[in-house]
Amino acid sequence: MSESQAKPSRRGFVLGAAVAGAATAAVATLPKTVTPELPVAETTPPAPANGGGYRVSEHVKRYYKTTQV
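Taken in order, the sequence shown gives residues -25 to -1, 1 to 44; the numbers are from mature numbering (1 follows the signal peptide of the UniProt record, and there is no 0).
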């Protein structure tokens, strides 16, 4: 092994493991924050009563225009 490369040591490994364990314990004991749920807006119209469900909407029309040769 060359002089420029640091040789891994047990002391460094144990120190790193202790720091990682302490960080894990700190995160586990922090109080949980609850984000308020936002109301979900109804963005899609209801399904047709007689079955089906395919609708030609504006974005579908734009897609069809891009596929024309």
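Glycine residues also receive a C-beta, built at the ideal position from the N, C-alpha and C atoms. The structure displayed is predicted, hence computed values, not measured ones.
If you follow the alpha helix (DSSP H) that K40 is in, where does it begin and where does it stop?
E33 to T42
Three-state class that DSSP yields for R30 in the structure shown:
coil
The alpha helix (DSSP H) that contains A22, what's its start and end?
Per DSSP, A22 belongs to no alpha helix (DSSP H) and is neither H nor E.
State the DSSP-derived secondary structure class of L5, mapped to helix, strand or coil.
Residue state for L5 is assigned as coil, using DSSP reduced to three classes.
Reduced DSSP secondary structure (H/G/I, E/B, other) of T10:
Of the three classes helix, strand and coil, the one that applies to T10 here is coil, per DSSP.
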